[in-house]
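One line per chain: the protein sequences are G and Y, in this order. Add 79 to a position in the first sequence, counting from 1, and you land on the number used in this note's numbering. Add 20 to a position in the second sequence, counting from 1, and you land on the number used in this note's numbering. Every residue gets a Cβ at the ideal spot worked out from N, C-alpha and C, and that includes glycine.
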Amino acid sequence: MDYQPLWLTLKLALVTTCCLLLVGIPFAAGLAKSRSRFKPFLEAVVSLPLVLPPSVLGFYLLLAFSPTSGLGKILDSVFSIRLVFSFPGLVISSIIYSLPFMVHPVQAGLEALPSSLREASQTLGKTNWQTFTQVLLPNIKPALLTGTILTFAHTLGEFGLVLMIGGNIPGVTKVASIAIYDEVESLNFSAAHLYAAILLVVSFCILVTVYLTNKRLSKNRLPI
Amino acid sequence: MIRISIRKKLQLAGGNGQLNIDTELPDRSFTALYGPSGAGKTTLLRIIAGLLQPEQGIIEVNGKTWLNTSKKINLPPQKRNIGFVFQDYALFPNMTVLENLLYAQPSNGIQTKADELLNKMGLQNLAHQKPALLSGGQKQRVALARALMRQPEILLLDEPLSALDDTTRQHLQAELQNLHQQYHLTTLLVSHHVPEIYKLAQRVIHIDAGQVIQSGSPAQVFNLHDALQGINLIGEVVNVSADEVEILARQNLIRIKPSLQTTGLALGDKVSIHAADLSLQKLS
């Protein structure tokens, strides 16, 4: 049994989640605060990965990353970075693919907080950064946890996009979901079973943890 | 001395209106803002706090300009030294009572200030509780204590007692009175409650639809008569029968036993009722 696809999946999910925490939270905060006319358009862009077939997203990213044209050409010629069929390419496409899973809960959590909390902090002389990190974020812990875990779990289960961008290179881009496909194709059902069962159990445990923890956290919250 | 002169568009029930306020709050005074919902009371408080910007206006606090739209000066809330008590208290749910107070402490503040205020408000035993576990009155005390942490130049109270039951309300009125006597903070209170205003405030500004209707002492504004002149209720006779006379005075139906005074009264007669005719009973 080759464990490498499992480790690779785990690594991809971890890196993607960390990056999305850094990118997604400020993005969600901006959306929650925004009253711009363009907000619905931005929200639609964030939600696109929820409704598009992964192959569509994968196709466009493949074109964008391709070393023969556009962005991929610049990256290749100037920085010697090639994103197609590489792990960094997988990470970037996973970030885009899982963006709504981080942004939606965090944005909803921030929007549900009474505006008086932010205003009270301002009248107490605190900067916007202090208000955000010490008042707003700590009071949306359930939303942060949900966003983090859903991003992680969603990346574990990625298939179509990974196949389009990463292909099937063992140790580089062959994640568990692709390994399953591979094993089934070569009629190696016992290995496919094992990969599938591990993914199933891990995903289930992760989701149970989210719901249990959110139940505990919500006890401390004010009834708003 | 706080000088306020504000023009701001208002969304009123009957369409658009304008908030027009020109007033001065003497140092250490306790002023109440009185008026119906949507009159612009909370809007004025939020403008003073810097949470809203008016189209035109000047706010000067003890010689410092907080707002001057013609000179394009508009200090953010952080730079205005205010204490704001919100209607929903706005306590930070993730912090304990003590942490809520310490959060408000300026970096150059005195370490013992939080303890002093907790003691004064009778909150020592609750210092390590989260706000979710407190009663309405306790939350209100914490919100007040937190607003006092920065020794504000003006204390803004947005209907702070409206959500409380009568007994708690009375206790907190007394506490507000004590605090004002002790700290001498210039205070602006939004309230609908006439007895509360009478007890606490030296001056009332009555606003309706964004305009100042009247300002002055509570007795003047609410047209309260001195008891020595006798209470006069003006009413109309609505029923006369052999065993009683019924008089409607404002919303009150008053029944009087027939006597020498009532002989000759007919339906629709206007009468005045005097304090001597009324009996008194303690309610609580």
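- The beta carbons of G/A199 and Y/F106 sit closer together than 8 angstroms.
- When C-beta atoms of the stretch 50-59 of chain Y are compared with those of the stretch 77-95 of chain Y, fewer than three pairs fall below 8 angstroms, so the two segments do not count as touching.
- Scanning its chain for C-beta atoms nearer than 7 angstroms, with the 5 sequence neighbours on each side dropped, one finds around G/Q201 the residues T210, in chain order.
- Contact between the stretch 272-279 of chain G and the stretch 138-157 of chain Y is not established, with fewer than three Cβ pairs separated by less than 8 angstroms.
- If you draw a straight line from the Cα of G/T88 to the Cα of G/C284, it comes to about 16 angstroms.
- Secondary structure at G/V163: coil, using DSSP grouped into helix, strand and coil.
- Taking the beta carbon of G/E198 as reference, the chain Y residues within 9 angstroms of it are R66, A69, L71, P97, F104, F106 and A110, listed in sequence order.
- Proximity of the stretch 259-274 of chain G to the stretch 106-124 of chain G falls short of the contact definition, fewer than three beta-carbon pairs being nearer than 8 angstroms.
- For Y/I93, DSSP records a beta bridge to Y/N88.
- The three-state secondary structure of G/G250, taken from DSSP, is coil.
- At a Cβ-Cβ threshold of 8 angstroms, Y/L285 and Y/V257 count as neighbours.
- A check of alpha carbon separations from Y/P151 across Y/L181, Y/F112, Y/G255 and Y/E44 identifies Y/F112 as the nearest.
- If you compare the alpha carbons of G/T206, G/G226 and G/L178 with that of G/L127, the shortest gap goes to G/L178.
- Neighbours of G/T206 across chain Y, judged by C-beta separation under 8 angstroms: Q98.
- Residue-level contact by beta carbon fails for Y/P46 and chain G, as no gap is shorter than 8 angstroms.
- Here DSSP, grouped into helix, strand and coil, assigns Y/K277 to coil.
- It is roughly 10 angstroms from the alpha-carbon of Y/Q190 to the alpha-carbon of Y/P215.
- A distance below 8 angstroms separates the beta carbons of Y/Q98 and G/G204.
- For the stretch 123-141 of chain Y, residues whose beta-carbon sits nearer than 8 angstroms to a beta-carbon of chain G comprise Y123, A124 and P126.
- Residue-level contact check: G/P184 does not touch chain Y, since none of the beta carbons of chain Y fall below 8 angstroms from its beta carbon.
- For Y/R170, the chain G residues whose Cβ falls inside 8 angstroms of its Cβ are L203 and G204, in order along the chain.
- Looking at the DSSP output, Y/V291 shares a beta bridge with Y/G255.
- Straight across, the Cα-Cα distance linking Y/L273 with Y/E266 is about 7 angstroms.
- Proximity of G/V102 to chain Y, defined by a Cβ-Cβ separation below 8 angstroms, is not satisfied.
- Excluding sequence positions up to five before and after Y/V260, its CB lies within less than 7 angstroms of the CB of L285, A286 and L287, all in the same chain and listed in chain order.
- Secondary structure at G/N293: helix, using DSSP grouped into helix, strand and coil.
- Runs of the alpha helix (DSSP H) spanning 4 or more residues and lying entirely within the stretch 158-205 of chain G occur at 166-191 and 194-202, in chain order.
- C-alpha of G/G239 to C-alpha of G/I257: approximately 9 angstroms in a straight line.
- In the DSSP assignment, the residues bridged to Y/V232 are Y/I227.
- At a C-beta separation below 9 angstroms, G/Q213 has these neighbours in chain Y: F112, N114, M115 and Y123.
- In chain Y, no part has a C-beta under 7 angstroms from the C-beta of G/P221; the shortest such distance is about 12 angstroms.
- Only exposed fits Y/E136, as fewer than 16 other CB atoms lie within 10 angstroms of its CB.
- For G/K152, the secondary structure class from DSSP, reduced to helix, strand or coil, is helix.
- A distance below 6 angstroms between beta-carbons, with the five flanking residues on each side excluded, links G/L229 to the following residues of its chain, in chain order: F180.
- The DSSP assignment places 102-105 as complete runs of the beta strand (DSSP E) inside the stretch 88-168 of chain Y, in order along the chain (cut-off: 3 residues).
- A direct Cα-Cα distance of roughly 8 angstroms separates G/R161 from G/S145.
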